[in-house]
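Written out below as structure tokens is the structure these notes cover.
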Amino acid sequence: MTVPESPDSSDGPGSADALFAAGSDHLDHSRFDQAKAAFTAARAEYVEHGTDDRVAACDLQLGKTAWRMSRFEEARQHLEQAQAVFTRCGLKQEAATCELHLGTVARDLGRFEQAREHLAQARVVFERCGVEQEVAACDLHLGTVEWKVGQFEQARQLLERARAVFAQLGIEREVACCDQSLGDVAGELGRFEQAWQCYASARAVLVRLGLGREVAACDYSLGTAAWRMGRFDQAQQFLEQARAVYAELGLEREVAGCDQVLGIIAQDRGRFEQAWRWYASARAVFARLGMASEVAGCDQNLGAVAWRMGRFEQAREHLGQARAVFVQLGLERQVAGCDQNLGLIAWSRGWFEQAREHFEWARAVYVGLRTHREVAGCDVTLGIVARDLGWFEQAQEHFERARAVFARLGLEREVAGCDAYLGMVAGDLGRFEQAREHFERARAVYARLGLDQEVAGCDANFGNITRGLGRFVEAWRAYESARAVFARLGLEQHVADCDVNLGNVARELGRFEQAREFFERARTAYVGLGLEREVADCDLNLGNVAQEVGRSEQAWRAYESARAVYVRLGLGRETASCEINLGNIAEKLKRFEQAREFFERARTAYAELGLEHDVASCDHNRGIVALRMRRFEEAAGLFDRARAVYVRLGLEREVPDCDHDLGIVAEELGQCKQARRFYERAGTGYAGLGLHHHVARSRINLGRAWCRQAADTDPQQRPVLLRRALEAMVPAVVFLEGMRFQFPRAADRIAWAETIDDFIRMVFDVAEELGDEKLVSDLVESAVNTGVHSAAANLTDDIGASALVSSTPLFGALAVGAGTAPRTESVTHDRETAAGDDAEPGWSLGGSSRLIAGARLPMVPPPRVRMPDGHVAVEPWAQAGTYCYPPVVRRPEMIAVV
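Taken in order, the sequence shown gives residues 171 to 1068; the numbers are from my numbering.
This is the structure in structure tokens:
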């Protein structure tokens, strides 16, 4: 039925009844403006005819319409007006119906105590009147209130009581409605299979009753359940199915609701542009329908996706708009939600104090509303901020307090989340076994709940802890496990995150080409997803790799590129990270004052953010500059200060860096015995972490300390000390030189060779001074035998090509290149194509023509060299060392020198 052209015409009660019926039809189809116009016109006619009860009925419908439009104050006024008339007319049941709807309005405003009072009063009236159906309806709504405040057991009891009454009365539709609400409660408790069964049961009943709209509502619920279980494709299928039904029925509001959840799914899958389109589509519908609260909800979601895309100012604008609307509507709970999101933005930009303020404001609101679950959620975010500030004990308190609340509420999923965070804190405090226990406990819960994404998240977090503790093999396995799950779930951003983490492990282990491949693959994914910040992170990591292999100009460009993005996005912590790396390059290039400026600027930023670890890193790097400027006392003081912080924070990876650099200071001051102790302690630390290339550098410096001591010792004792130096240096130099075969490009191999050239020269000089013709010959022959170019080789795997694996710990050949100053600091693009299809693998003893002809090709290691007396070149020295380096990929062939 449609509204007559002239709703103001007075054709008697029949016309008013027609208008009333038309309004009801419009309301059922979410045509709120038309519904309001029809009910208003009907009301005017009823007023004219003096039918007070019908006037009140129109007010009741106008109240329901305003409620559906999120105009809660307007709804309350209409409902109170209707209730007053019904009460005056002695219509107790109708007055109780208004009371019931006033309860739902109060519930949606977050005024839960008020909602309970309204619904309880309505229930008493219905019970006195013996209207069982309405009593059950009150129980149903009271159940949703208890669910909203996190009282899930009470909610379940009320819903089951309502369901039993509806079942006894044979009202199947309401039974199905109770099943849906019971599914919602089960979902909140993380019992997703149980929720699924409730929704499926409700859907079966509604399909049998031919209620298409209600079936679509079940599809919507099944879609959200599938989403929460990480079954994104299935979730999308259900939601699109529900959306199609709603669209066919002309239910725009419900279509927009589906669009919102489809946006959330796209956001969780890292498809942010797609999520943005879904949210914008939903917002346009809600705006046209005049639904202010829902429009604000979309703004909140748009702010969240803008944050994930690194568009922080845009995110703040959307959240600010949403917050203002929620304040205007009196929706305290939603205002607090915006404060939480604003806190997350501040946290991600490194504004930890501001973030903490937002979270505490939100928490205070939730405490006032007695929504214990949200209070605990704020405790979690406050714990995250405390952890980033290095306040680990305080972070632990926040997480434990939140965990206790979640456990009391029976929220297993949230309890597991707290366990995961407690695992991170335990790792920060160096309590590795405790961290492992927390992660395993969280992982077991997620696995039992069928939450594959969260299981993978646990693996990734465990990888972060083990990497931070220098347990790189464990970290590698954890990241690979997580990556496989994320890839199966189609979570592109999470896959790329794992690639970044794998790249960082590869870089720590000295597998620089492999690290570069991981970072470039992740960068490509982030570019496709439109994630500027993450792209900049990859540029920063690629700069780290370039710096490690001696490509300073390339590293500088990468850092500048990342820095420009961080500055534009207002990311102070990340900008400071670039400052540190630029300072490292400036120091290497002997631009010491420029390096000091970079480090001091970064230190100031970190100090303002309260980041002790990063402040210590700046002190460490300032110490390196002081060392290079020969300000030894200043350098030692800075290294000691940084080391003390690292030890207190349990940062095992950074401690040996300080020991190594303190050894250099002692050596420069002529304190060779003390220098050796520092180098040995550093080497032991690196060895425990599996950082073989760092062990090698410490062993080389240990040898150099023996050489310096030999210069001032008795001539008869000098050869003994030099021999000790060679025992430490030769295996280390051979191992470092052999690492260059991981690089497929000649420029990278040359750059790597230049970083260790002074070490090689030192070994030659000592061997020559000792008159060790055998060692000198070994070194010369190995230097000539420098490798073979091959278009087919790929040596970036953990072990390498199977045809080139050596079963014994053999080492790569030596190469002598142009000299550069040795690196004494401890710091933390297109790929060239191989030759054409006609290129063939081959090998030879080398020579300058080979280097020119194959400069763009990968290189396989050379065959081993058998010297005239039968021994293999440099192997006696390699095997004589006190440290056993891992095998380096070598060709099994052997050539003889005659």
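Beta carbons: idealized from backbone N, C-alpha and C, even for Gly.
Just so we're clear, the structure is a prediction, and the values are computed from it rather than from any experiment.
> Does DSSP classify LEU261 as helix, strand or coil?
Replying inline: Annotated three-state conformation of LEU261 is coil, per DSSP.
> How big is the Cα-Cα spacing for ARG691 and GLY700?
Replying inline: Straight-line Cα distance between these residues: approximately 15 angstroms.
> Count the other CB atoms within 10 Å of the CB of ALA186; is the residue buried (16 or more) or exposed (fewer)?
Replying inline: Around the beta carbon of ALA186, a 10 Å sphere encloses 16 or more other beta carbons of the protein chains shown; the residue is thus reported as buried.
> What number of angstroms, rounded off, separates the C-alpha of LEU872 from the C-alpha of ASN711?
Replying inline: About 30 angstroms.
> In angstroms, rounded to a whole number, what distance separates the CA positions of GLU584 and LEU249?
Replying inline: Distance between the alpha carbons of GLU584 and LEU249: 38 angstroms.
> What whole-angstrom Cβ distance do ALA226 and ALA252 have, given they're in contact under 8 angstroms?
Replying inline: Your pair ALA226 and ALA252 checks out as a contact, with CB atoms roughly 4 angstroms apart and the cut at 8 angstroms.
>> Once DSSP output is grouped into helix, strand and coil, what is the label at ARG851?
In response: Looking at ARG851 - three-state DSSP - the assignment turns out to be helix.
> Contact between the segment 596-615 and the segment 382-396: three or more CB pairs below 8 angstroms?
Replying inline: In this structure the segment 596-615 does not lie against the segment 382-396, because fewer than three pairs of beta carbons, one per stretch, are closer than 8 angstroms.
> Under the rule that 16 or more other beta-carbon atoms within 10 Å means buried, what is LEU339, buried or exposed?
Replying inline: Per the 10 Å Cβ criterion, exposed.
>> Our contact map puts ALA590 next to GLY597 with C-beta atoms below 8 angstroms; I'd like the distance itself, whole angstroms only.
In response: About 11 angstroms; that fails the 8 angstroms criterion.
> Is it buried or exposed for HIS999, if we count other Cβ within 10 angstroms and need 16 for buried?
Replying inline: Reliability fails at HIS999, whose pLDDT of 29 lies under 50, so the model's placement of it is uncertain and no value is given.
> Does the Cβ of LYS206 have 16 or more other Cβ atoms within 10 Å, making it buried, or fewer, making it exposed?
Replying inline: LYS206 is buried by the Cβ-count criterion.
>> Let's test the definition: count the other Cβ atoms within 10 Å of the Cβ of PRO885 and tell me whether it reaches 16, buried, or not, exposed.
In response: PRO885 comes out exposed.
>> If distances are taken between C-alpha atoms only, which option among LEU489, THR694, TRP561 and PHE322 comes closest to VAL167?
In response: Lying outside 171 to 1068, the shown extent of the chain, residue 167 is not represented and no answer is given.
> Smallest Cα separation from ARG761: which of MET799, HIS311, ARG557 and GLY500?
Replying inline: That would be MET799, whose Cα lies nearest to the Cα of ARG761.
> How long is the line joining the alpha carbons of ALA852 and ARG686, rounded to whole angstroms?
Replying inline: If you take the alpha carbons of ALA852 and ARG686, they lie about 27 angstroms apart.
> In three-state DSSP terms, what is PRO885?
Replying inline: Coil, per DSSP.
> What's the C-alpha gap between SER722 and THR854?
Replying inline: If I take the Cα positions, the gap works out to 29 angstroms.
> Rounded to whole angstroms, how far is the Cβ of PHE682 from the Cβ of VAL719, which I believe are closer than 8 angstroms?
Replying inline: Right, the Cβ-Cβ distance comes to about 5 angstroms (below 8 angstroms), so this counts as a contact.
> When you compare only the Cα positions, how much space is there between ALA756 and THR925?
Replying inline: Here the alpha carbon of ALA756 sits roughly 16 angstroms from the alpha carbon of THR925.
> Is the beta carbon of ARG893 less than 8 angstroms from the beta carbon of LEU839?
Replying inline: Result no, Cβ atoms of ARG893 and LEU839 do not sit closer than 8 angstroms.
> Exposed or buried, VAL737, counting other C-beta atoms within 10 Å across all chains shown (16 or more means buried)?
Replying inline: Within 10 angstroms of the beta-carbon of VAL737 lie fewer than 16 other beta-carbons, which makes it exposed.
> What's the gap between the Cα of GLU297 and the Cα of GLN504?
Replying inline: Rounded to whole angstroms, GLU297 to GLN504 spans 34 angstroms at the Cα level.
> What did DSSP end up calling MET594 once you bin it into helix, strand or coil?
Replying inline: Here DSSP, grouped into helix, strand and coil, assigns MET594 to helix.
> So, helix, strand or coil for ASP942, using DSSP?
Replying inline: Reduced to three states, the DSSP call for ASP942 is coil.
> Touch check for the segment 300-313 and the segment 522-533: three-plus C-beta pairs under 8 angstroms?
Replying inline: No, because fewer than three Cβ pairs between the segment 300-313 and the segment 522-533 fall closer than 8 angstroms, the two stretches do not touch.
>> Let me make sure I understand the geometry here. Which of ASP935, ARG373 and LEU679 has the alpha-carbon closest to that of GLY860?
In response: Looking at the Cα atoms, LEU679 is the closest of the given residues.
> By a C-beta neighbour count over all protein chains shown, 10 Å radius and 16 as the cutoff for buried, is GLN887 buried or exposed?
Replying inline: By the neighbour-count rule (16 or more Cβ atoms within 10 Å), GLN887 is not buried but exposed.
>> So the candidates are ILE870, PRO826, GLY833 and HIS830; which of them puts its Cα closest to the Cα of GLY858?
In response: Comparing Cα-Cα distances from GLY858 to each of ILE870, PRO826, GLY833 and HIS830, the minimum goes to PRO826.
> In chain order, which continuous runs of the alpha helix (DSSP H) of length 4 or greater are located wholly inside the segment 640-671?
Replying inline: DSSP runs (the alpha helix (DSSP H)) wholly in the segment 640-671: 642-659.
>> Using the Cβ count rule (16 or more neighbours within 10 Å means buried), how would you classify LEU421?
In response: Label assigned to LEU421: buried.
> If you drop the 5 nearest sequence neighbours on each side, which residues of the same chain put their C-beta closer than 8 angstroms to that of VAL545?
Replying inline: Residues ARG533, TYR536, VAL537 and VAL575 of the same chain have their beta carbon placed closer than 8 angstroms to that of VAL545, with the five preceding and five following residues left out of the count.
>> Quick check: TRP317 and VAL355, are their CB atoms within less than 8 angstroms of each other?
In response: The Cβ atoms of TRP317 and VAL355 lie closer than 8 angstroms to each other.
> Going along the chain, which residues of its own chain have a beta-carbon closer than 7 angstroms to the beta-carbon of ASP968, five neighbours each way excluded?
Replying inline: Summary for ASP968: the model assigns pLDDT 34, below 50, so the residue's position carries little reliability; its value from the coordinates is reported in the next sentence. Excluding sequence neighbours, ASP968 sits near nothing in its chain.
>> Between the alpha carbons of ILE930 and PHE848, how many angstroms are there, rounded?
In response: Going by C-alpha positions, ILE930 is about 22 angstroms away from PHE848.
> When the Cα of GLY633 is compared with those of ASP622, GLU650, GLY620 and GLY753, which residue comes out closest?
Replying inline: Comparing Cα positions, the closest option is GLU650.
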